[in-house]
Amino acid sequence: MKNEVRVLLKRSNQTTGERKQNKGFSSHYSYSSMEVGANCRVLDPPRFICAAMGFQNPKEPSSVFRNGSFYRKPHRNFGCKAILQDFQVPVEKKKITVVDELSSLVALSPLDGRYWGKVKDLAPYLSEYGLIFYRVLVEIKWLLKLSQIPEIIEVPRFSEDASAFLQGLIDNFCEDDALEIKSIEKVTNHDVKAVEYFLKQRCQSHPEISKVLEFFHFSCTSEDINNLAHGLMLKESLENVVLPFMDKLTNAISTMAKDNAHIPILCRTHGQPASPSTLGKEMAIFAVRLSRERLEVSKVKIMGKFAGAVGNYNAHLVAYPNVNWPKVAEEFVNSLDLSFNPYVTQIETHDYMARLFFTIVRYNNILIDFDRDIWGYISLGYFKQITKAGEIGSSTMPHKVNPIDFENSEGNLGVANGALAQLSEKLPISRWQRDLTDSTVIRNMGVGLGHSLLAYKSTLQGIGKLQVNESRINDDLDQSWEVLAEPIQTVMRRYGVPEPYEKLKELTRGKTVTKESIRRFIEGLEIPKEAKTNLLDLTPQSYVGAAVELARDVDMALNLVSRGELF
12 MKNEVRVLLK RSNQTTGERK QNKGFSSHYS YSSMEVGANC RVLDPPRFIC
62 AAMGFQNPKE PSSVFRNGSF YRKPHRNFGC KAILQDFQVP VEKKKITVVD
112 ELSSLVALSP LDGRYWGKVK DLAPYLSEYG LIFYRVLVEI KWLLKLSQIP
162 EIIEVPRFSE DASAFLQGLI DNFCEDDALE IKSIEKVTNH DVKAVEYFLK
212 QRCQSHPEIS KVLEFFHFSC TSEDINNLAH GLMLKESLEN VVLPFMDKLT
262 NAISTMAKDN AHIPILCRTH GQPASPSTLG KEMAIFAVRL SRERLEVSKV
312 KIMGKFAGAV GNYNAHLVAY PNVNWPKVAE EFVNSLDLSF NPYVTQIETH
362 DYMARLFFTI VRYNNILIDF DRDIWGYISL GYFKQITKAG EIGSSTMPHK
412 VNPIDFENSE GNLGVANGAL AQLSEKLPIS RWQRDLTDST VIRNMGVGLG
462 HSLLAYKSTL QGIGKLQVNE SRINDDLDQS WEVLAEPIQT VMRRYGVPEP
512 YEKLKELTRG KTVTKESIRR FIEGLEIPKE AKTNLLDLTP QSYVGAAVEL
562 ARDVDMALNL VSRGELF
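Residue numbers for the sequence shown, in my numbering: 12 to 578.
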């Protein structure tokens, strides 16, 4: 079009080697159009290649094509004024089609924009690219499985060369392959069929595989492929990304517990002063709680089905009645390291997904509790936060150092839980043998897990900035001698002093209590001398019970949890 200039804004965050490690993935493309004046300006992307009408300079990621030449820009902002003039397009206003790897300015989801750098580790698994890759894997593995079934003589056992060729399609799958499949989908209007056609095209040149092309997708419904792809997406994203970050959180919090096992703090129940504990013991509680739910997440079996259009192997048995198809399906699903579900409709019932996502919600709720407690301790001054040069806490109050990491974590956990709860409630419900409502919903697995990962990283970042303010903690304890009312009245009960609770209530409730007033009360008690001496030696700092030992033993507790012995 005369009035359209095509500009490529390609984020180039990965080397060739990194792309191979990530199965060819860097990110997926999006297309959008915008009206601009003479200067098209893109802000904040980490590294871009700017190209017009096919020109690009891969050696200079931040260069600009201008007047027929590339010029290096000294900072992230760049303009493309001359491009518009070079091709004789009116410079006042023109339409630019942007082909972009979801820059932070055009992404609808903050996960793909502002927070991309923090969640991109999930993208090879939970993106559209990931879904396409695992579909390709399942289709190829199924063809290989068919070649191993003696009764299916039409698909002889493949030679080493043919098997290597098929495996190569998996190992070398890349972004261009995924884009090719998306192009086929534009014609078929069916995403799984596009994968089948892609594989047939790629295998036409192989003399052995070309003879059995029609056995790609043999007896399969789309959901046979999809449910296994989704299972693999979840399995690998959990094992490679989510669970390791859950472990990092547990380790960071358990380290806080051990490092601060001896530091007494004033507890608060209903927001009011209560019997003291230690900072370490309060952290140990969260380490154990999170560890329990992390174990439950890892214990959820990722299920798969492969039983055809309505779960009965109808077409399979007509084509090959002598094959034990339920056994073949179970072997195939298990070969992908998934658990077999024999009782299904057209779809895998998704009950395991509901269990998995609700378990992650429980984990996230515990982390929200942690975030809020740390936020509160920062507010009380129990923690200081390490400042970073150049950072700003408030646009108007220069002194502010806000607990933004824990606030960001809490907010993202809320978003994650909303998405995960919706998945848990929706996915197990499907009309009769199947409706399509699960198809669009299940594409949002990455939303729930992405916001969870973002929150985990925010909490970890916040923990890394914390410094214990022992002097402020001690000030609070020194102003709270009333907390010793509990041990005093308990000892009085032991030695038969009448109305011990009522007497301490009269002394302390709603009144200012000092070290001196507490000591006078103890000295007037008619109890054994040793018991009186012990009470006189008590301070708010020393009245922490077994908190120190509980904090120091947190690793032992975590080991018991990991073995399923502490629930």
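Every residue gets a Cβ at the ideal spot worked out from N, C-alpha and C, and that includes glycine.
For this session: Can you give me the Cβ contacts of L549 inside the same chain, cut-off strictly under 7 Å, excluding the 5 residues immediately before and after it?
Result: L495 and P498
For this session: Could you name the residues of the same chain whose beta carbon sits closer than 7 Å to that of K395, not counting the 5 residues immediately before and after it, in chain order?
Result: Q478 and N480
For this session: Assign P332 to one of three DSSP states: helix, strand, or coil.
Result: coil
Exercise. When the Cα atoms are used, what is the spatial distance from L224 to K211?
Worked result: 6 Å
Exercise. Are the Cβ atoms of M244 and M456 separated by less than 8 Å?
Worked result: yes
For this session: Please determine, among I397, L464, E402 and A320, the residue with the shortest C-alpha to C-alpha distance to D235.
Result: A320
For this session: Could you pull out every residue in the same chain whose Cβ sits closer than 6 Å to the Cβ of E307, ignoring the five residues on either side in sequence?
Result: T370
Problem set entry | Cβ-Cβ separation, S302 to V572 (assumed contact under 8 Å), whole Å | 5 Å
Exercise. Quick one: any contact between the stretch 346 to 354 and the stretch 269 to 288, if contact means 3 or more CB pairs under 8 Å?
Worked result: no
Problem set entry | Close Cβ partners of G141 (< 6 Å) along its chain, the five nearest in sequence each way excluded | P135 and M244
Exercise. Thinking C-alpha only, which one of T232, N271, E171 and Q472 is nearest F256?
Worked result: Q472
Problem set entry | Extent of the continuous beta strand (DSSP E) run through Q396 | F394 to Q396
For this session: Report the option in G242, K246, L391 and G507 whose CA atom is closest to the CA atom of P284.
Result: L391
For this session: With DSSP collapsed to three states, give me the class of T280.
Result: strand
Exercise. In the DSSP assignment, what are the bridge partners of Q212?
Worked result: Answer by DSSP bridge pairing: none, since Q212 is not bridged.
Problem set entry | V18, buried or exposed, once every other Cβ within 10 Å from all chains shown has been counted against 16 | Residue confidence for V18 is low, a pLDDT of 35 falling below 50, so the modelled location carries little weight; the figure read from the coordinates is stated next. Under this definition V18 is a buried residue.
Exercise. For P414, is the classification buried or exposed, using 16 other Cβ atoms within 10 angstroms of its Cβ as the cut-off for buried?
Worked result: buried
For this session: State buried or exposed for G242, treating a residue as buried only when at least 16 other CB atoms are found within 10 Å of its CB.
Result: buried
Problem set entry | heavy atom of the ligand SAM below 7 Å from L245 C-beta | Annotation note on the ligand SAM: not contained in the displayed structure, which lists no ligands.
Exercise. Can you tell me whether DSSP reads Q478 as helix, strand or coil?
Worked result: strand
Exercise. If you drop the 5 nearest sequence neighbours on each side, which residues of the same chain put their C-beta closer than 8 Å to that of N423?
Worked result: H462, S463, L465, A466 and S469
Exercise. Is it buried or exposed for D182, if we count other Cβ within 10 angstroms and need 16 for buried?
Worked result: exposed
Exercise. Is the stretch 155 to 169 touching the stretch 325 to 336, taking contact as three or more C-beta pairs under 8 Å?
Worked result: yes
Exercise. Using the rule of at least 16 other Cβ atoms within 10 Å of the residue's Cβ for burial, across every protein chain shown, is A557 buried or exposed?
Worked result: exposed
For this session: Inspect the CB distances between the stretch 195 to 205 and the stretch 289 to 298 and report whether three or more fall short of 8 Å.
Result: no
Exercise. What residue range is occupied by the uninterrupted alpha helix (DSSP H) comprising V559?
Worked result: A558 to R563
For this session: Let me know the secondary structure DSSP gives T451 once reduced to three states.
Result: helix
Exercise. Who pairs with A285 in a beta bridge, going by DSSP?
Worked result: C278
Problem set entry | Euclidean distance between Cα positions of E207 and L569 | 47 Å
Problem set entry | Cα-Cα separation between L155 and D348, rounded to whole angstroms | 16 Å
Exercise. Which full runs of the alpha helix (DSSP H) of 4+ residues lie inside the stretch 213 to 277, going along the chain?
Worked result: 233 to 248 and 254 to 270
Exercise. In chain order, what residues of the same chain have a beta carbon less than 7 Å from the beta carbon of I358, not counting five sequence neighbours either side?
Worked result: E234, N238, S441, R445 and D449
Exercise. How many Å lie between N10 and V252 at the Cα?
Worked result: In the structure as shown, the chain starts at 12 and stops at 578, and residue 10 therefore has no counterpart that could be examined.
For this session: Determine the direct distance from the alpha carbon of T360 to that of W443, and round the result to whole angstroms.
Result: 12 Å
Exercise. With DSSP run on the structure shown, which of helix, strand or coil describes G507?
Worked result: coil
Exercise. If you follow the alpha helix (DSSP H) that A365 is part of, which residue opens it and which one closes it?
Worked result: D362 to L391
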